[in-house]
Amino acid sequence: MLAAVLMAAPGWAQTTVTSSGREGPTTCVGEAEVDATNFPITALSTNSVTVTAREVTWSQVLAPLGDGQAPTNATITVRVYRAADGMGADNDPANGLVGTISSSSPTYAGGSATRSGLSQNTLYYVMLEAGPAGRDTQILGRRCFMTGGTYTMTVDPANGQTSGCFSISPRTPADVRNCLCGRGNNSPRVLGLFTDETQNQAVRNHNGCR
């Protein structure tokens, strides 16, 4: 059955679809999202992600620490990590630092942060963290995402046959979903999964398509 899907029938052609990327639980690998509502991804491309970090206060950082001497300060960072190995993946020269708070400067106001240097069609997560001096790092927000990119697939425009996302290489579940996100966003419309745009949108919503 799989071989039948992968073999291009006479008249079929190779074409590319472009995905703008995906976000949300379907892109998570080994890590769940944290406070996603207050840590939105506002832009996503083949090599960068932009998020909006929420306000972080000194009292919020101190609250879970319990008894003992309070730290002198806490760094606030926004950093991207590869889902495959948990290693830092962006090229931010400040290692994600967006602010430092303390008793005398008790509020990080939040704001937009862009992290670049990412690879296309790759799973990542972006973290909002507080690092109290001498204490464990606190995870304040985590968003999972997959960068966009292009896929070469097989379609038959003459007959409207559109099962091409299962002929891409690599054909991982994540890549198939990413390819499906590109379907319906391209011309000709034969690339759409369904003639009913409501159904196409339901597929995109299910896969977390941007």
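Position 87, counted from 1, in the sequence shown is what this note's numbering calls 97; the numbers after and before it change by one each time, with no gaps.
Every residue, glycine too, gets a C-beta built ideally from N, C-alpha and C.
Determine whether the beta carbon atoms of residue i and residue j lie at a separation below 8 Å.
i       : j       : result
Asn-83  : Ala-140 : no
Arg-220 : Gly-34  : no
Tyr-118 : Ile-149 : no
Asn-128 : Ala-99  : First, the amino acid is wrong: residue 128 is Leu here, not Asn. Closer than 8 Å, so yes.
Ala-123 : Val-88  : yes
Thr-28  : Gln-130 : no
Thr-221 : Ala-53  : Because the chain here runs from 11 to 220, residue 221 falls outside it and cannot be looked at.
Pro-103 : Arg-145 : no
Can you tell me whether residue i is helix, strand or coil according to DSSP?
i       : result
Ser-112 : coil
Leu-54  : strand
Phe-176 : helix
Arg-220 : coil
Ser-129 : coil
Arg-64  : coil
Pro-103 : coil
Ser-29  : strand
Gly-192 : helix
Ala-123 : strand
What's the C-alpha gap between residue i and residue j?
i       : j       : result
Met-11  : Tyr-135 : In this predicted model, Met-11 has a pLDDT of only 37, less than 50, meaning its place in the structure is not dependable; the value taken from the coordinates is given anyway. If I take the Cα positions, the gap works out to 35 Å.
Cys-175 : Gln-209 : 17 Å
Ser-112 : Gly-120 : 15 Å
Ser-177 : Trp-68  : 52 Å
Tyr-161 : Ser-114 : 52 Å
Thr-157 : Gly-78  : 43 Å
Ser-197 : Ile-51  : Here the model assigns Ser-197 a pLDDT of 48, short of 50, so the residue's position is not dependable and the matter cannot be decided.
Roughly how far, in whole angstroms, is the beta-carbon of residue i from the beta-carbon of residue j, given that I think they are within contact range, below 8 Å?
i       : j       : result
Cys-222 : Arg-214 : What the structure shows of the chain is the stretch from 11 to 220, and residue 222 is not part of that stretch, so it cannot be assessed.
Phe-155 : Thr-37  : 5 Å
Select from the options the residue whose C-alpha is nearest the C-alpha of residue i.
i       : options                              : result
Glu-41  : Tyr-91, Met-163 and Gly-174          : Tyr-91
Thr-147 : Val-71, Thr-208, Gly-76 and Glu-207  : Val-71
Thr-132 : Ile-111, Gly-96, Arg-145 and Thr-67  : Gly-96
Val-39  : Glu-207, Pro-183 and His-216         : Pro-183
Asp-45  : Gln-211, Thr-28, Thr-162 and Gly-151 : Gly-151
Ser-107 : Ala-94, Ala-93, Arg-125 and Pro-116  : It should be pointed out that residue 107 corresponds to Leu in this sequence rather than to Ser. Closest option to Leu-107, Cα to Cα, is Arg-125.
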